[in-house]
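Down below is the structure, laid out as structure tokens.
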Amino acid sequence: MITLSENTLQEIERAASKYVDRKSALMAALWAAQAEFGQLSPDVIEAVAEVIGVSSAHAQGLATYHSLYWKKPVGKYVVMLCTNIACTLMGAETLLEHLEKKLGIHEGETTPDGMFTLQEVECIGSCGNAPAMVINETFYYDLTAEKIDGILSGLR
Amino acid sequence: MINIKINGIPLSLEKPTNIIEAAAKVGVHVPHFCYHKELSIYAGCRICMVEVKGKPKLLPACATAVSDGMEIITESEKIAKSRRGVLELQLTHHPLDCPVCDKGGECSLQDYVFRYGADRSRFIEKKREIPVNYENPLIERNMERCVSCKRCVRICAEVQGDWVLSDMNRGSRVTMESFCGSEEECVHCGHCLSNCPVGAIQSRLTKNQVRPWFVEREAETVCPYCGDGCTLYLQSRENTILRALSDETYTKGSNRGSLCVRGRFGYDFPNNPERLKTPLIKKNGSFVEASWDEAISLVAERFGRIKSSAGPDAIGAVIGGRNTNEEAYLLQKFMRAAVGTNNIDNMARMGHINALTALEDAFGLGGMTNQIKDIAQSGAVLLIGNDAAAENPITGLAVKRAVFKKGAKLIVADAGKNSMSKHAALRLTYKPGTHGRLIEAMVNVIFDEGLQDKAVEEKNKVLFGRINVAYAHNTPEKAQETTGVPAEDIRKAARSFASAPAASIVFGKGVTASVCGYEDSLALADLSLITGNVGRSGGGVNPMAGKAGEQGACDMGALPDRLPGYRKVASDEDRKRLGSLWKTEIPKTAGLTVMEMLVAAAEGRVQALYVVGSDPAFELPDRKRTADALSKTKFLVVQDVFMSDTAALADVILPAATFAEKEGTFTNSERRVQRIRPAMKVLAGARPDGEIISLISGKMGRPMDWEPSLVMDKISVSTPIYAGITYDLLESGGVQWPYYEEMKSGTAILHSQGYDDRRAAKGEEIAAKVAAARSVKDDIKEGYPFFADIAVSLYHSGTTTRKSKGPNLVVGGPFAALNPADAKGLGIGEGDTVKVRSRSGFLRLPAKLDAGVPQGIVHIPNHFLGAGCNVLTEVILDPVNKVPEARYWPVSIEPEGR
Numbered sequence: 000m001i002t003l004s005e006n007t008l009q010e011i012e013r014a015a016s017k018y019v020d021r022k023s024a025l026m027a028a029l030w031a032a033q034a035e036f037g038q039l040s041p042d043v044i045e046a047v048a049e050v051i052g053v054s055s056a057h058a059q060g061l062a063t064y065h066s067l068y069w070k071k072p073v074g075k076y077v078v079m080l081c082t083n084i085a086c087t088l089m090g091a092e093t094l095l096e097h098l099e100k101k102l103g104i105h106e107g108e109t110t111p112d113g114m115f116t117l118q119e120v121e122c123i124g125s126c127g128n129a130p131a132m133v134i135n136e137t138f139y140y141d142l143t144a145e146k147i148d149g150i151l152s153g154l155r
Numbered sequence: 000m001i002n003i004k005i006n007g008i009p010l011s012l013e014k015p016t017n018i019i020e021a022a023a024k025v026g027v028h029v030p031h032f033c034y035h036k037e038l039s040i041y042a043g044c045r046i047c048m049v050e051v052k053g054k055p056k057l058l059p060a061c062a063t064a065v066s067d068g069m070e071i072i073t074e075s076e077k078i079a080k081s082r083r084g085v086l087e088l089q090l091t092h093h094p095l096d097c098p099v100c101d102k103g104g105e106c107s108l109q110d111y112v113f114r115y116g117a118d119r120s121r122f123i124e125k126k127r128e129i130p131v132n133y134e135n136p137l138i139e140r141n142m143e144r145c146v147s148c149k150r151c152v153r154i155c156a157e158v159q160g161d162w163v164l165s166d167m168n169r170g171s172r173v174t175m176e177s178f179c180g181s182e183e184e185c186v187h188c189g190h191c192l193s194n195c196p197v198g199a200i201q202s203r204l205t206k207n208q209v210r211p212w213f214v215e216r217e218a219e220t221v222c223p224y225c226g227d228g229c230t231l232y233l234q235s236r237e238n239t240i241l242r243a244l245s246d247e248t249y250t251k252g253s254n255r256g257s258l259c260v261r262g263r264f265g266y267d268f269p270n271n272p273e274r275l276k277t278p279l280i281k282k283n284g285s286f287v288e289a290s291w292d293e294a295i296s297l298v299a300e301r302f303g304r305i306k307s308s309a310g311p312d313a314i315g316a317v318i319g320g321r322n323t324n325e326e327a328y329l330l331q332k333f334m335r336a337a338v339g340t341n342n343i344d345n346m347a348r349m350g351h352i353n354a355l356t357a358l359e360d361a362f363g364l365g366g367m368t369n370q371i372k373d374i375a376q377s378g379a380v381l382l383i384g385n386d387a388a389a390e391n392p393i394t395g396l397a398v399k400r401a402v403f404k405k406g407a408k409l410i411v412a413d414a415g416k417n418s419m420s421k422h423a424a425l426r427l428t429y430k431p432g433t434h435g436r437l438i439e440a441m442v443n444v445i446f447d448e449g450l451q452d453k454a455v456e457e458k459n460k461v462l463f464g465r466i467n468v469a470y471a472h473n474t475p476e477k478a479q480e481t482t483g484v485p486a487e488d489i490r491k492a493a494r495s496f497a498s499a500p501a502a503s504i505v506f507g508k509g510v511t512a513s514v515c516g517y518e519d520s521l522a523l524a525d526l527s528l529i530t531g532n533v534g535r536s537g538g539g540v541n542p543m544a545g546k547a548g549e550q551g552a553c554d555m556g557a558l559p560d561r562l563p564g565y566r567k568v569a570s571d572e573d574r575k576r577l578g579s580l581w582k583t584e585i586p587k588t589a590g591l592t593v594m595e596m597l598v599a600a601a602e603g604r605v606q607a608l609y610v611v612g613s614d615p616a617f618e619l620p621d622r623k624r625t626a627d628a629l630s631k632t633k634f635l636v637v638q639d640v641f642m643s644d645t646a647a648l649a650d651v652i653l654p655a656a657t658f659a660e661k662e663g664t665f666t667n668s669e670r671r672v673q674r675i676r677p678a679m680k681v682l683a684g685a686r687p688d689g690e691i692i693s694l695i696s697g698k699m700g701r702p703m704d705w706e707p708s709l710v711m712d713k714i715s716v717s718t719p720i721y722a723g724i725t726y727d728l729l730e731s732g733g734v735q736w737p738y739y740e741e742m743k744s745g746t747a748i749l750h751s752q753g754y755d756d757r758r759a760a761k762g763e764e765i766a767a768k769v770a771a772a773r774s775v776k777d778d779i780k781e782g783y784p785f786f787a788d789i790a791v792s793l794y795h796s797g798t799t800t801r802k803s804k805g806p807n808l809v810v811g812g813p814f815a816a817l818n819p820a821d822a823k824g825l826g827i828g829e830g831d832t833v834k835v836r837s838r839s840g841f842l843r844l845p846a847k848l849d850a851g852v853p854q855g856i857v858h859i860p861n862h863f864l865g866a867g868c869n870v871l872t873e874v875i876l877d878p879v880n881k882v883p884e885a886r887y888w889p890v891s892i893e894p895e896g897r
């Protein structure tokens, strides 16, 4: 079994201290472990379940429910492009093609250098500034192909 | 009063409930998948939608409470349309493979589609394909058929407390799965499959073998394995048991709908082809088939001859834990009235008897004080020397329920592996054999800190004073030295136990099957007494019987010093009373216990032994000595359903019937007398035990009725605690003795009106004898650094489970489980062969690494042919009841590599 770092354990305990029942901190704990390992592989989930005091199956059920918990390895940057109705109307599909070409991967894949993972996502609540995307925890609005090129090269 | 109308039918309710339950009361079934009365409300399947007058939209019947004046319609075109919609959505991915699905004919989805139409979905997308999960040897999961009701997930979490299943992924991709699909954590209770409304989770044992319309016969009966005595339904066809089912109403018996792996999957041994089908007589060293007449005549003739040449006391009988009350009663009556001896004993001698006599001495009546479901009301539970989740899993469920639902503090005290530990607030690991010191120290702390129940103390000043003095010497610090449990933990345990509003004690062979079993059971009684927990709901002292028939055999007087109902052989009055009923004179001298019978057999004092439904050569300590004694017996009769180690030594083998073929009653640990009923005809060639005993008795000039309901009528006259109990009364659910005819009720909790301390003033004398026995045990530790924990596996119960297919698919052979740290120290890896050696013998077993096994312990399930732990043990008896030390034995471990 994997051991969580001291840092992550502290993070988990900090989250757990906010709740009457420490089991309530499961989501935060998974998030902290994902920050450390980059993904929630079964052994990471098992380690978190042990620390929080729930069954591994319960933790896995939660981890597989939420789409922002990565169950597979992802790149350093996860590019999540919204292709929901408003963004599509504003040209998101062309942007997706552009991103695929630019990164040389298909949707759902990761670049060989491990820098970028490209994902199509549902509404991210930014319809007013469509088309929009999220990279890790940063939002980018009113996208064009040129703007995307600039953002990506800024990250490289 | 809540007055409502359901489909125009008026209904008055005292307590609020949901619409599904209310409708059921007037015979209206509201379709549902996700609702289950034992579970939290999920309201996820949306098929129970009903109309409520005045509400604009349909409401879910499961999640809507009825209120006064409500008018509910459960069937209308509007509702049918909504249900068709739900069904159509279900069928977007359901494979519609009813022809090969075992659920056909009893499937909710099939029934509702049949009722509402919508037999296909308009979606044209490809149906999802999910491979069937076959990781589990007993249970398969076919998630293509799943309706996402999550009943399996919730029953596993909320009732079983195991949380093995969870809903993985989301939306149309959701599946009910275990962690990574593995079965490591599963205890195979099968509650998920009995709860699945469709064919998504099914038994692999009955795959493509059972259709509900194949069933010819269904019997409500009692599981034959442990002392929990669970209500079980057996379905059969053409004299073959098809499957075992649990009670769907969740109301009956001690288990209320739950079963463990043994009950649900261990049902097929009655149909095992290895069953004994004809009487066998040993001639010139080998068995020859014989007719019943021949065999019975021979037995009667030889018993008669030995009786007249060497006296009645040269004959002895033992009955095991698989026989019914009626059979135990007949056997002891046969021995006392037809043979004329008190040499009758039963296998409760392996431990349980210590608890019963101790509780009788402490409170006036020997028996589990409370009932199994009552344990769930406890605020604290001391589980000591009993792995409830493995040995008596339904009691284990009650303990878990106390923890989950009542927030009870669970104190698990055990020397060995205990699978309840993960639910424990406090785990105390004592050195084998020192549990007495631990209990005494807890009592000491309670008096020291003034935590005893003051109101009870006021009424029992003398008794409290005596107990206080008796335990004053054993401080927690002193106990720490002997037990190895930190003094602070002992204090914590004592405080949580004493401060809970009600605290119960659950214990088993870890306490009773030792030289100090009687003494330590008394200490537990004292602990309960001083904290005011005797006679209190959620409290009490609760010993666990190992086998289904153990408690009953004791109740029936299959004991050398007790008559039916624990009347004493030593009492002239008791003997006279029974003698006048039986129209005979009951022999005056107490008989021999099974251990003493074997000594007497080896010495030639006992010349004939009649062994019914047990296997002493496997079950009793010191295999060699036991086998020698049995071989030396001039005439050994074994009556059983399978060939056994003991039967192999017999002169005559009489083939008996299993629990699935006969009428009778079992009394479980909680004193509940329950009926068993035949699910099949008696196997051709075999006979029910009662009939066999009566045939022999008749041949010896003492005919006895053996028809079980008539025997029960006799029992109710001769056994005071069973007075008034008849088969009619036991029709459903059973009765807990003592039964009070005038009140028409059994007794759920003993001693609620007070108790009668009958302890003889020989405490010190007993203590000295126990100390002597203990020092004999200490002597054999030299050079043997480990203790073998001779354990009961969840997957087996004695030896009949090894003839059942299901349990063997999970645990099919013996092993020696070691703590990984110990294994590392000895250079032992998983699967390596180890030699577990004691002073008297050794076993070669594959090693298993298990962090749940405390260091210094090697855990060996004692069920398997050729791996009986009695090759390791010797005979050391407890001085009070002659119970052999049989749970922990000093051994060494030698690695032998792969």
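Taken in sequence, the protein lines are chains W and U.
Counting with numbering that gives the first Met the number 0, you get residues 0 to 155 for the letters of the first sequence.
Counting with numbering that gives the first Met the number 0, you get residues 0 to 897 for the letters of the second sequence.
Here a beta-carbon is modelled for each residue, glycine too, at the ideal position from N, C-alpha and C.
Every value quoted in this text rests on a predicted model; they were computed, and no experiment measured them.
- Per DSSP, Cys188/U is not a residue of any alpha helix (DSSP H), being assigned neither H nor E.
- Within the region 161–191 of chain U, contact with chain W at the beta-carbon level (separation under 8 Å) is assigned to Asp161, Trp162, Val163, Leu164, Ser165, Asp166, Met167, Asn168, Arg169, Glu176, Ser177, Phe178, Cys179, Glu184.
- When the beta-carbon positions are compared, Ala91/W and Ile51/W stay at least 9 Å from each other.
- Nearest CB-CB separation between Val53/W and chain U: below the 9 Å threshold.
- Looking at Arg121/U, Gly539/U, Ile438/U, Arg348/U, the one whose alpha-carbon comes closest to that of Tyr754/U is Gly539/U.
- DSSP, read as helix, strand or coil, puts Phe863/U in coil.
- Ile3/U is bridged by DSSP to Leu10/U.
- Taking a 10 Å sphere around the C-beta of Val835/U, we find 16 or more other C-beta atoms and assign the residue as buried.
- Closer than 7 Å at the C-beta level to chain U, one finds these residues of the region 37–51 of chain W: Pro41.
- Apart from sequence neighbours up to five positions away, no residue of its chain approaches Met642/U with a beta-carbon distance below 6 Å.
- By the Cβ test, the region 213–223 of chain U is in contact with the region 656–673 of chain U, since at least three Cβ pairs between them sit closer than 8 Å.
- Nearest to Ser792/U by alpha-carbon distance, out of Gly812/U, Tyr783/U, Lys802/U, is Gly812/U.
- The secondary-structure analysis by DSSP pairs Phe115/W across a beta bridge with Tyr76/W.
- If you look at Gln370/U, you'll find it isn't in any alpha helix (DSSP H); DSSP assigns it neither H nor E.
- If you compare the alpha carbons of Thr63/U, Leu562/U, Asn194/U with that of Cys106/U, the shortest gap goes to Asn194/U.
- As for any beta strand (DSSP E) of minimum length 3 sitting wholly inside the region 804–861 of chain U, the runs are 815–817, 832–836, 841–848, 856–860, ordered along the chain.
- Separation of His795/U and Cys188/U (C-alpha to C-alpha, rounded to the nearest whole angstrom) is 13 Å.
- Note that the C-beta distance between Glu20/U and Gly256/U is not below 9 Å.
- Counting other Cβ atoms within 10 Å of its Cβ, Thr588/U stays below 16 and is therefore classed as exposed.
- Sequence-distant partners of Asp360/U (beyond 5 residues in either direction) whose C-beta falls short of 6 Å from its own C-beta, in its chain, are Arg757, Arg758.
- In this structure, Arg335/U sits near Thr583/U, with a CB-CB distance shorter than 9 Å.
- Secondary structure at Tyr139/W: strand, using DSSP grouped into helix, strand and coil.
- Not one beta carbon of chain U lies nearer than 9 Å to the beta carbon of Gln9/W.
- The Cβ atoms of Gln331/U and Gly556/U lie closer than 9 Å to each other.
- For Phe32/U, no alpha helix (DSSP H) run applies, since DSSP gives it neither H nor E.
- Distance from the CA atom of Lys881/U to the CA atom of Cys185/U, rounded to whole angstroms, is 39 Å.
- Per the coordinates, the alpha-carbon of Gly180/U lies some 18 Å from the alpha-carbon of Glu49/W.
- With fewer than 16 other Cβ atoms inside 10 Å of its own Cβ, Glu145/W counts as exposed.
- Its Cα nearest to that of Asp788/U, the residue Gly384/U stands out among Val672/U, Gly339/U, Ile504/U, Gly384/U.
- In chain order, Met167, Asn168 make up the part of chain U whose C-beta sits under 7 Å from the C-beta of Thr63/W.
- A direct Cα-Cα distance of roughly 11 Å separates Arg574/U from Asn341/U.
- Residues of the same chain with a CB within less than 7 Å of the CB of Ala850/U, apart from the 5 flanking positions on each side, are Asn818, Pro819 in chain order.
- Within the region 307–389 of chain U, the complete beta strand (DSSP E) runs of at least 3 residues fall at 314–318, 343–345, 379–383.
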